[in-house]
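Student: Here it is: the structure, laid out below.
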Amino acid sequence: MAYETITFEVADGVARLTLNRPDKLNSFTVQMHGEMRDALARVAEDEAIRCILITGAGRGFCAGQDLSDRAVDPNDPNAEPPDLGESLEDRYNPLIRAVAGLEKPVVCAVNGVAAGAGANLALACDIVLAAKSASFIQAFCKIGLVPDSGGTWSLPRLVGMARAKGLALLGDKLPAETAADWGLIWQAVEDDALMAEAEKIAARFAKGPTRGLGLIKRGLRQSFDHDLDAQLDLERDLQREAGRTEDYREGVSAFMNKRAPAFKGR
Ligand code: LHQ
2 MAYETITFEV
12 ADGVARLTLN
22 RPDKLNSFTV
32 QMHGEMRDAL
42 ARVAEDEAIR
52 CILITGAGRG
62 FCAGQDLSDR
72 AVDPNDPNAE
82 PPDLGESLED
92 RYNPLIRAVA
102 GLEKPVVCAV
112 NGVAAGAGAN
122 LALACDIVLA
132 AKSASFIQAF
142 CKIGLVPDSG
152 GTWSLPRLVG
162 MARAKGLALL
172 GDKLPAETAA
182 DWGLIWQAVE
192 DDALMAEAEK
202 IAARFAKGPT
212 RGLGLIKRGL
222 RQSFDHDLDA
232 QLDLERDLQR
242 EAGRTEDYRE
252 GVSAFMNKRA
262 PAFKGR
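Be aware that the sequence shown starts at 2, since it is given in our numbering, and climbs by one per residue.
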């Protein structure tokens with residue numbers, strides 16, 4: 002599939018996906034959803050890809066849904082009011098499931114404003130770095146909508162209910178440094194250091210024990226649905242699986258021989 006609204010390249014075990022509609026702050030169209038779905042499926046399937054790095058072209062990261070897209074525009078005089086539930090079911094929910102469920106690390110470099118579903122796409126990633134000039138806006142309430150793309154799930158878990166409510170009900174701009182202070186994201190970095198920092202982390206993941214890292218993601222994610230007993234059972238199962246990987250053998254061997262491990266991701 003040829004892409005027009007994103008760029009996608011793979012090198013040295015890292016897939017780089019750049020949202021690429023800079024004139025519209027990389028807001029989502031139906032086409033962009035289709036291209037992202039295709040690219041994320043390639044990442045999931047290709048064993049040579051051991052990490053994905055998502056960022057945006059131009060001055061924004063992603064302004065959420067493109068509000069002029071005919072699929073969601075309530076002002077189209079010739080159309081019934083749009084079914085936004087369908088838009089979530091068909092496009093946003095699969096996108097967030099694909100990102101959150103990917104058993105490989107997802108690094109997000111938030112290069113500028115991240116609004117609406119754009120903010121929540123970033124929050125679905127594993128390691129979120131943001132340029133200090135970037136910001137996060139739960140813009141939904143400003144147009145009468147509800148945070149989607151996992152926002153009502155991730156916000157209270159990341160920052161607690163009081164801050165989740167403030168963000169979701171007020172829809173104000175949260176600067177990257179405050180987002181980092183609150184634990185919404187991993188780190189805010191100087192603007193001109195953003196991509197180098199994100200690349201450094203991605204390169205590290207590309208040499209990591211990919212299956213083990215994927216299992217860590219699964220364990221942390223499922224913890225929200227479990228009490229301690231159930232989580233201990235899950236850890237037993239995950240560790241059993243991790244313990245059977247080549248990378249576990251390599252990790253222990255490297256440690257015992259006082260050398261750096263050469264993980265293969267399997
Ligand atoms: C845009 C957009 C945009 C189109 C900037 N659409 N053009 C799910 C299911 C179905 C339906 C609805 O939504 C969802 C999920 C959602 O994501 S809902 C939330 C949708 N997003 C928003 O409400 C954010 C709208 N954008 C903004 O509030 C501002 O653009 C922010 C605060 C992000 C940035 O402000 P500025 O830095 O001042 O930039 P700007 O507003 O001047 O935008 C630059 C251009 O991008 C401009 O186009 P133009 O042709 O005038 O230069 C904007 O119209 C366009 N743009 N966001 N979402």
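For glycine and all other residues, C-beta sits at the position ideal for the given N, C-alpha and C. The structure displayed is predicted, hence computed values, not measured ones.
Once DSSP output is grouped into helix, strand and coil, what is the label at F316?
Tutor: Absent from the structure is residue 316, since the part of the chain shown begins at 2 and ends at 267.
Student: Per DSSP, F9 is paired with what?
Tutor: On the sequence shown, residue 9 is found 8 positions in, with the first residue counted as 1. For F9, which the question treats as bridged, DSSP gives the partners L18.
Student: Return yes when at least one heavy atom of the ligand LHQ lies under 7 Å from the C-beta of V114, else no.
Tutor: In the sequence shown, the residue the question calls residue 114 occupies position 113. Under cutoff, so the answer is yes.
Student: Of all the beta strand (DSSP E) runs that stay within the bounds of the segment 31 to 70, which reach a length of 3 or more residues?
Tutor: Whole beta strand (DSSP E) segments, 3+ residues: 52 to 57, 61 to 63.
Student: Can you check which of these residues, G161, F141, E104, C63, is closest to R219 by C-alpha distance?
Tutor: Counting from one through the sequence shown, the residue named residue 219 turns up at place 218. For the residues G161, F141, E104, C63, the minimum Cα distance to R219 belongs to E104.
Student: Identify the continuous beta strand (DSSP E) that holds V190 and give its terminal residues.
Tutor: One-based indexing of the sequence shown puts residue 190 at position 189. Element bounds for V190: 188 to 190.
Student: Would you say the beta carbon of S254 comes nearer than 7 Å to a heavy atom of the ligand LHQ?
Tutor: Indexing the sequence shown from 1 puts residue 254 at position 253. Every heavy atom of the ligand LHQ is 7 Å or more from the Cβ of S254, so no.
Student: I'd like to confirm the pairing. Which residues does DSSP put opposite I128 in its beta bridges?
Tutor: As a first step, residue 128 must be located in the sequence shown, where it is residue number 127. Paired residues: V108.
Student: Could you give the first and the last residue of the continuous beta strand (DSSP E) run that contains F137?
Tutor: Along the sequence shown, read from residue 1 onward, the residue named residue 137 stands at position 136. Looking at the DSSP string, the run of the beta strand (DSSP E) that includes F137 is 136 to 138.
Student: Is L156 close to the ligand FMN? I mean its beta-carbon at under 7 Å from any heavy atom of the ligand.
Tutor: Inclusion of the ligand FMN in the displayed structure is not the case, the ligand content consisting of the ligand LHQ alone.
Student: For K208, verify whether its CB is less than 7 Å away from any heavy atom of the ligand LHQ.
Tutor: In the sequence shown, counting from the first residue as 1, residue 208 sits at position 207. Answer for K208: no, Cβ out of range of the ligand LHQ.
Student: How about G119 and F141: are their beta carbons less than 8 Å apart?
Tutor: Position 118 of the sequence shown holds residue 119. Position 140 of the sequence shown holds residue 141. Their beta carbons are not under 8 Å apart, which means G119 does not touch F141 by this criterion.
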